[in-house]
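Note that our numbering numbers the sequence shown so that position 72 is 116, with each residue one more than the last. Every residue, glycine too, gets a C-beta built ideally from N, C-alpha and C.
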Amino acid sequence: MEEIILSWNILGDGGAQELAIALPKMEKLKVLDLEKNRIGASGATKLMEELAKCPGIQFIRSEELLLSRQYSILSIKALKLSLRE
Numbered sequence: 045m046e047e048i049i050l051s052w053n054i055l056g057d058g059g060a061q062e063l064a065i066a067l068p069k070m071e072k073l074k075v076l077d078l079e080k081n082r083i084g085a086s087g088a089t090k091l092m093e094e095l096a097k098c099p100g101i102q103f104i105r106s107e108e109l110l111l112s113r114q115y116s117i118l119s120i121k122a123l124k125l126s127l128r129e
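Below, the structure is given as structure tokens:
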């Protein structure tokens, strides 16, 4: 599977955490769309931890993560670093 499109599914933190656990097993994943899913800090944290283990990911759409500005900036920086490696 190269693309996961889950936009507008209201996954919330629980769904995001469950998805995050499965991500490292998806070795061919390139695209992840999580727009409009009401994912808060705990779900986003788990996603960032597990996405760092996904070397093939090329595009992530998650415009509406419910995070503080400071946390968002740190997450984006960490994600950019993992995508470069």
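Bridge partners - residue i, DSSP secondary structure assignment
| i | result |
| --- | --- |
| Ile49 | Asp77 |
| Ile101 | For Ile101, which the question treats as bridged, DSSP gives no partner whatsoever. |
Candidates the options: closest to residue i by CA position
| i | options | result |
| --- | --- | --- |
| Lys97 | Gly56, Arg82, Ala64 | Ala64 |
| Asp57 | Ile101, Arg82, Val75 | Arg82 |
| Ala85 | Pro99, Met70, Ser106, Gln102 | Ser106 |
| Trp52 | Leu78, Glu94, Met70 | Leu78 |
| Met45 | Lys69, Ile54, Leu55 | Lys69 |
| Leu55 | Glu94, Pro99, Lys80 | Lys80 |
Burial state of residue i (16 or more Cβ within 10 Å)
| i | result |
| --- | --- |
| Ser72 | Contrary to the premise, residue 72 reads as Lys rather than Ser in this sequence. Burial call: exposed. |
| Gln61 | buried |
| Gly146 | This structure does not reach residue 146, given that the chain is present from 45 up to 129, and the question cannot be answered. |
| Lys90 | buried |
Through-space distance from residue j to residue i, alpha-carbon basis
| i | j | result |
| --- | --- | --- |
| Gly59 | Met92 | 14 Å |
| Leu76 | Leu50 | 8 Å |
| Glu47 | Glu94 | 16 Å |
Cβ separation of residue i and residue j, assumed to be a contact under 8 Å, to the nearest whole Å
| i | j | result |
| --- | --- | --- |
| Ile101 | Lys74 | 6 Å |
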